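Have a look at the structure below before the remarks.
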Amino acid sequence: MDDATAWALLADERRAFADVLERLGPDDWATPSLCAGWTVKDVVAHTMVGPTASIREVMWAMARSRFDFDTANRRLAAARAARTPAELVALVREHADSRFHPPGHDWHAPVTDLLVHRLDCLVPLGVVDPRPAAAWQEALPFLLSRRARHGFIPAGLPELTYVAPDIGWSAGSGERVEAPAEVLALAITRRPARNDELTGPGAAALAEWSRA
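See below:
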């Protein structure tokens, strides 16, 4: 996928995310997400840190957090989570075209980040909203690449043949593990919420990884 197409895809995905969020009720926003300690609202706020935080704000948060990135990230997300749900939805729409990407990464990082965090929000709510195959066909190879070891998953992902029949994709070597693309992404990023949908000889190894 070329850069222009990828950024357009990301913008479309942000707008589609806003469409879903707009339909949520107050209890939905307060529901615990798949990210430990964060509600759905917290996760949505987190997705807006990159597109909206200025360099000055980031450096101030880092300084206040003794340059601990995770703590600074939580501060930045909390500042945005102080907004109302309607304000957060508007923020997602306003910054749909943002081309922010973390240092050392390209568009694969924000595309993958949004797809996974979308699931963090919607899986606990039982909301089913499949995303385009083209998006997952970029995100899954990224998660299996060395680049994902910077900010997405630690080293040690099981060496398996990963298969997502719903998008006609497979990669890797070793025992086969098969599931819908979003289920593979959840397990790879250590979110075991849908491990029961993993099948194949490699399913147990990936499930164990996801629970670590």
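Using the working numbering, the letters of the sequence shown correspond one by one to residues 1494 to 1705. For glycine and all other residues, C-beta sits at the position ideal for the given N, C-alpha and C. On a predicted model such as this, the values are computed, not experimentally measured, just so you know.
Check the Cα spacing between residue 1668 and each of 1659, 1678 and 1655: the tightest is with 1655. Close CB contacts of residue 1663 within its chain, under the 6 Å cut and outside five residues either way in sequence, are with 1656 (chain order).
Closest option to residue 1523, judged by alpha-carbon separation, among 1575, 1673 and 1636: 1575. Residue 1675 counts as buried, since at least 16 other C-beta atoms from the protein chains shown sit within 10 angstroms of its C-beta.
Runs of the alpha helix (DSSP H) lying entirely within the stretch 1511-1576, each at least 4 residues long, are 1519-1522, 1533-1540, 1542-1545, 1548-1557 and 1562-1574 in chain order. Minimum Cα-Cα distance from residue 1503 among the listed residues 1701, 1622, 1601 and 1640 corresponds to 1601. Here residue 1585 is actually not in contact with residue 1501; their C-beta atoms are around 16 Å apart, not less than 8 Å. Residue pairing by DSSP places residue 1656 opposite 1663 and 1671 in a beta bridge. Between the stretch 1619-1626 and the stretch 1535-1555, the count of C-beta pairs closer than 8 Å stays below three; the two stretches do not touch.
DSSP places residue 1682 in the coil class of the three-state scheme, outside both helix and strand. With at least 16 other beta carbons inside 10 angstroms of its own, residue 1609 counts as buried. In this structure, residue 1527 places its C-beta atom within 8 Å of the C-beta atom of residue 1612. If you check the CB distance, residue 1588 and residue 1545 come in under 8 Å. Taking residue 1521 as the centre and dropping the five residues before and after it, the same chain places the C-beta of 1533 and 1618 closer than 8 Å to its C-beta, in chain order. Contact check for residue 1671 and residue 1658: beta-carbon distance about 6 Å, within the 8 Å limit, so the pair qualifies. It is roughly 16 Å from the alpha-carbon of residue 1637 to the alpha-carbon of residue 1700. Across the structure, residue 1633 and residue 1680 are spaced so that their CA atoms are roughly 11 Å apart.
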